[in-house]
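Chains as they are written, first to last, in the working numbering: chain A, 1097 to 1499; chain B, 1097 to 1499.
There are 2 protein chains.
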Amino acid sequence: MTAINATAAELGIMAGFPPPPDKRFAPETWDLAPFNRWSFQNIRMVLPTRAVPRGTGPASMLPEAHQRLDDLAFTDIDGRASTVGEMLATTYTDGFILLHRGRVIMERYLNGMNAASLHLSQSVVKSFVGSLVGIMAGRGIIALHQPVAQYVPELAGCGYAGATVSELLDMRSGVRFIEDYLDPESEVGMLDRAAGWRPLRPGDPAGIYDMILRLKQERPHGGHFAYRSIETDTLGWVLERATGISLAELLSRELWQPMGAEFEACLAIDRCGTCQADGGLNAALRDYARFGQLFLDEGSLAGRQIVPADWVAGCRTGDGEAFRPLYAERFAAFPDSCYSRQWWVFDRKTGKHAALGIYGQMIYVDPPAGIVAVKLSSWPDPLNDLRRATTIRAIEAMAKALN
Amino acid sequence: MTAINATAAELGIMAGFPPPPDKRFAPETWDLAPFNRWSFQNIRMVLPTRAVPRGTGPASMLPEAHQRLDDLAFTDIDGRASTVGEMLATTYTDGFILLHRGRVIMERYLNGMNAASLHLSQSVVKSFVGSLVGIMAGRGIIALHQPVAQYVPELAGCGYAGATVSELLDMRSGVRFIEDYLDPESEVGMLDRAAGWRPLRPGDPAGIYDMILRLKQERPHGGHFAYRSIETDTLGWVLERATGISLAELLSRELWQPMGAEFEACLAIDRCGTCQADGGLNAALRDYARFGQLFLDEGSLAGRQIVPADWVAGCRTGDGEAFRPLYAERFAAFPDSCYSRQWWVFDRKTGKHAALGIYGQMIYVDPPAGIVAVKLSSWPDPLNDLRRATTIRAIEAMAKALN
Chain A
1097 MTAINATAAE
1107 LGIMAGFPPP
1117 PDKRFAPETW
1127 DLAPFNRWSF
1137 QNIRMVLPTR
1147 AVPRGTGPAS
1157 MLPEAHQRLD
1167 DLAFTDIDGR
1177 ASTVGEMLAT
1187 TYTDGFILLH
1197 RGRVIMERYL
1207 NGMNAASLHL
1217 SQSVVKSFVG
1227 SLVGIMAGRG
1237 IIALHQPVAQ
1247 YVPELAGCGY
1257 AGATVSELLD
1267 MRSGVRFIED
1277 YLDPESEVGM
1287 LDRAAGWRPL
1297 RPGDPAGIYD
1307 MILRLKQERP
1317 HGGHFAYRSI
1327 ETDTLGWVLE
1337 RATGISLAEL
1347 LSRELWQPMG
1357 AEFEACLAID
1367 RCGTCQADGG
1377 LNAALRDYAR
1387 FGQLFLDEGS
1397 LAGRQIVPAD
1407 WVAGCRTGDG
1417 EAFRPLYAER
1427 FAAFPDSCYS
1437 RQWWVFDRKT
1447 GKHAALGIYG
1457 QMIYVDPPAG
1467 IVAVKLSSWP
1477 DPLNDLRRAT
1487 TIRAIEAMAK
1497 ALN
Chain B
1097 MTAINATAAE
1107 LGIMAGFPPP
1117 PDKRFAPETW
1127 DLAPFNRWSF
1137 QNIRMVLPTR
1147 AVPRGTGPAS
1157 MLPEAHQRLD
1167 DLAFTDIDGR
1177 ASTVGEMLAT
1187 TYTDGFILLH
1197 RGRVIMERYL
1207 NGMNAASLHL
1217 SQSVVKSFVG
1227 SLVGIMAGRG
1237 IIALHQPVAQ
1247 YVPELAGCGY
1257 AGATVSELLD
1267 MRSGVRFIED
1277 YLDPESEVGM
1287 LDRAAGWRPL
1297 RPGDPAGIYD
1307 MILRLKQERP
1317 HGGHFAYRSI
1327 ETDTLGWVLE
1337 RATGISLAEL
1347 LSRELWQPMG
1357 AEFEACLAID
1367 RCGTCQADGG
1377 LNAALRDYAR
1387 FGQLFLDEGS
1397 LAGRQIVPAD
1407 WVAGCRTGDG
1417 EAFRPLYAER
1427 FAAFPDSCYS
1437 RQWWVFDRKT
1447 GKHAALGIYG
1457 QMIYVDPPAG
1467 IVAVKLSSWP
1477 DPLNDLRRAT
1487 TIRAIEAMAK
1497 ALN
């Protein structure tokens, strides 16, 4: 059995008045191990943020039907016997919740997290941004087949010239953007600096939107899928220009308030006040679950259609051909997978789909099984297919036991 | 009549996606005019912050008994005839509230502020920090006559060696600290950088507490009063070490929750996570008023003693001799004034006292008149005795009209 992961408190991170120098995060280290054990629950102490208010209405109900599933066994991807409890203890879990047919079966907080803690979800927010596009498309405020430059005219002068909203939703524009999280020379490294997650270097763009305008096209739009965070930032820009309000306010108005979120959330912002649309959301565990449940329930809550049902349907399927060229190998365990409207589709037949974020963030929706699961973590590495697969295996075992 | 002050929206500050470069704040300009018209209501978008939770109980009642006092006339300090409405329109007001015997007589929001906006109050927070010391003294956790180094041993190695808690409360230590807000070479300029309000320069201390340890003694402790922000930061350090919890948590537990605050507040923090005890509080207008009312009511609320009554009494009087050497001239209009326990006492006989912050922040308490007033502003200059006096004249006119 893998060793149980040490908590931020056990590691002494940011403990004491002041914390000892080697236990303080720095602008270059805050999201790396071991500091992310602390920082992912304390983003407003690291970065400037903007509130996503929940309004003044009551929180939507999450009825409870707890079951003890810690000892439930499953076979890990490497053939090893494991249990749900072991998965939670050894995959740097901060929070985990499992809903079956809308009822809370399991809700667990580790590493100092509690129900009110706001946890960074990295790229999970992309699925929220996609939903906002879907809502605006449903109202005719944004048209999916239109070029993004229709909404943000400056985009006509960069690599996004001619790319449509739809192509960005599926990450199929032809814009060059290398997403190598550990390479500061890659475009995502520059995005980290432009977004305020790292100190600026001379010559860097002042903010996220300034960076977008520097990007070049390297192949035709509409080709294969390639995961690039900047496509979501560009969708955020389209949303802000099309609606005239900030992404934080839009998220509050169109999702946080209607879905009956229990806690105010917040978005990290860059030095120009621009919301970090590709990975800056911090929210409570149960509120991530509410969003997952909304997608399990075809976009409606208590009879009110919050996200159009046909939009949700399109998030459970998509173009398998476009997905394979770059991702067939990494998704070998999911042979009928794709990426659609800012969601990862694990299986186009059953519609299992997920919002995923680096360092172990996930909202998982399994429609036939009636399952929504949220895992918030602080892995030591941004990508770890084994740890992700272990998590999914455990969720699948729970889904099977409950059905 | 002076021109009505332009709002942040009229000036276009931080407006647009993204805001034009000349309308964006920079790390060197965010708290200066005209950017402070926007930033004082949006500190969490500028600086890292830490929440001061209000808990889950009901907000304490602020019964309303509104009166139309805008046309109430008063004679300004320069002999000019003015009105309350003119005072509000021409002193860069963001929020103003006046309570008489606990009832809200006037509550006004300008420049885009609303009841839920959190406004930076600069040095007003010093009076909150002083109150926390008073609460802890009442419980025997901190002894006022003890040296501060008793609680923070490292202080024995700097200018604070031998200074008592009481001397710091009245800002009468002998530590050298020049408070010239517009001189980056002064100690308060270095504090701005150490606190994260300005970029660090080579050789600067990493945080507020590191800076304190560099300070030297220049005269005996216990001499005359000299206003130095760092004394409050040192008290914050004493509080954190004596209680083992952060200032944000302490403020929540001992004041925000007991006084029935309506909104969560937040504190700006330095790069080490240290709360800015000398000027980092952001709160809603009505919650500042609740704190003022608590001091009008001798520290009790609905029968519960939150701040010891003898502590509050000591905040209404103090050592006039110690005040005169440096402040007699600036306070010529208030011949019996002093500074006591982190409050400015305008008149020792009547006990009129105030929490004051640069750029126009004030909580004003007039015990005989039963008046509490809060003014939140975004002046273009940090200190302006004329504008401050105009505000007090207007409040005095309202107090007279109500009694």
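Even glycine gets a Cβ: it sits at the ideal position worked out from N, Cα and C. It should be emphasised that the depicted structure is a prediction, and the values quoted were computed from it without experimental measurement.
Provide the residue span of the alpha helix (DSSP H) that contains residue i, from first to last.
i: Thr1186/A; result: Val1180 to Thr1186
i: Arg1146/B; result: Segment Thr1145 to Val1148 is the beta strand (DSSP E) holding Arg1146/B; no alpha helix (DSSP H) there.
i: Lys1448/A; result: Element bounds for Lys1448/A: not the alpha helix (DSSP H) but the beta strand (DSSP E), Lys1448 to Gly1453.
i: Thr1189/B; result: Segment Thr1189 to His1196 is the beta strand (DSSP E) holding Thr1189/B; no alpha helix (DSSP H) there.
i: Asp1481/A; result: Asp1481 to Leu1498
i: Ala1104/B; result: Ala1104 to Leu1107
In terms of residues, what are the limits of the beta strand (DSSP E) holding residue i?
i: Ile1459/B; result: Gln1457 to Asp1462
i: Glu1203/A; result: Arg1199 to Tyr1205
i: Phe1442/B; result: Trp1439 to Asp1443
i: Leu1158/B; result: Unbroken run through Leu1158/B: none, as it is neither H nor E.
i: Ser1227/B; result: Ser1227/B -> not in any beta strand (DSSP E); alpha helix (DSSP H) instead, spanning Val1221 to Gly1234.
i: Ile1467/A; result: Ile1467 to Ser1473
i: Ala1502/B; result: In this structure chain B extends from 1097 to 1499, so residue 1502/B is not present and cannot be described.
Contact check, residue i vs residue j under 8 angstroms by CB: the rounded distance?
i: Gln1313/B; j: Val1271/B; result: 6 angstroms
i: Ile1308/B; j: Trp1333/B; result: 7 angstroms
i: Arg1367/B; j: Ala1302/B; result: 6 angstroms
i: Leu1194/A; j: Ala1493/A; result: Not a contact, Cβ separation roughly 11 angstroms.
i: Asp1415/B; j: Cys1434/B; result: 6 angstroms
i: Ala1074/B; j: Ala1099/B; result: Beyond the ends of chain B as shown, which are 1097 and 1499, falls residue 1074/B; an answer cannot be given.
i: Thr1179/B; j: Asp1166/B; result: 7 angstroms
i: Val1468/B; j: Gln1389/B; result: 5 angstroms
i: Trp1439/A; j: Gly1226/A; result: 7 angstroms
i: Tyr1188/A; j: Ser1473/A; result: 5 angstroms
i: Ile1173/B; j: Arg1489/B; result: 6 angstroms
i: Thr1487/A; j: Met1183/A; result: 6 angstroms
i: Asp1393/B; j: Ala1357/B; result: About 16 angstroms separates the two Cβ atoms, so there is no contact after all.
i: Val1470/B; j: Leu1381/B; result: 6 angstroms
Near residue i, which residues of its chain fall below 6 angstroms by C-beta distance, leaving aside the five closest residues on each side in sequence?
i: Arg1199/B; result: Pro1159 and Ala1161
i: His1320/B; result: Ala1418 and Pro1421
i: Asn1210/B; result: none
Which residues in chain A sit within 7 angstroms of residue i, going by Cβ to Cβ distance?
i: Cys1368/B; result: Pro1114, Pro1115 and Arg1120
i: Trp1333/B; result: Phe1113
I want to verify the contact list: residues of chain A whose CB lies under 9 angstroms from the CB of residue i, in sequence order.
i: Arg1501/B; result: Look at the range of chain B in this structure, 1097 to 1499, and you will see that residue 1501/B is not part of it.
i: Gly1303/B; result: Pro1114 and Arg1120
So, for residue i: in the same chain, excluding its five sequence neighbours on each side, which residues have a beta-carbon less than 8 angstroms away from its beta-carbon?
i: Ala1257/A; result: Pro1243, Ala1245, Leu1251 and Gln1313
i: Ile1274/A; result: Ser1282, Glu1283 and Val1284
i: Gln1353/B; result: Pro1149, Arg1150, Gly1151 and Gly1153
i: Glu1222/B; result: Residue identity check: residue 1222/B is Lys in the sequence provided, not Glu. Ser1325, Thr1328, Ala1373, Asp1374, Gly1375, Gln1438 and Ala1451, listed in sequence order.
i: Thr1413/B; result: Cys1434, Ser1436, Val1441, Arg1444 and Gly1447
i: Ile1090/A; result: In the structure as shown, chain A begins at 1097 and stops at 1499. Residue 1090/A is therefore absent and cannot be evaluated.
i: Thr1171/A; result: Ala1177, Ser1178 and Arg1489
Since residue i meets chain B, which of its residues come closer than 7 angstroms, beta carbon to beta carbon?
i: Val1142/A; result: Pro1144
i: Met1110/A; result: Gly1369
i: Glu1336/A; result: Phe1113
Can you list, in chain order, the residues of its chain with a C-beta nearer than 7 angstroms to that of residue i? Leave out the 5 residues immediately preceding and following it.
i: Ala1322/A; result: Met1267 and Leu1422
i: Glu1360/A; result: Ala1147, Val1148, Pro1149 and Arg1150
i: Asp1300/B; result: Met1286, Arg1289 and Ala1290
i: Leu1264/A; result: Val1244, Glu1327, Thr1330 and Leu1331
i: Ser1135/A; result: Phe1121, Trp1126, Asp1127 and Val1142
i: Ile1109/B; result: Lys1119, Pro1130, Phe1131, Arg1133 and Trp1134
i: Leu1343/B; result: Gly1332, Leu1335, Glu1336, Leu1363, Cys1371 and Ala1373
i: His1196/B; result: Gly1466, Ile1467 and Leu1498
Distance cutoff 8 angstroms, beta carbons only. Does residue i sit that close to anything in chain D?
i: Ile1237/B; result: Annotation note: the requested chain D is absent from the structure, which comprises protein chains A and B.
What residues from chain B crowd round residue i, counting only those whose CB sits closer than 8 angstroms?
i: Ile1365/A; result: Met1141
Alpha helix (DSSP H) runs contained entirely in the stretch 1292 to 1348 of chain A, provided each spans 4 or more residues:
1304 to 1308, 1325 to 1339 and 1343 to 1347
Whole runs of the alpha helix (DSSP H) within the stretch 1241 to 1297 of chain B, excluding any shorter than 4 residues:
1261 to 1265 and 1283 to 1290
Residue ranges of each beta strand (DSSP E) within the stretch 1346 to 1433 of chain B, 3 or longer:
1361 to 1364 and 1377 to 1379
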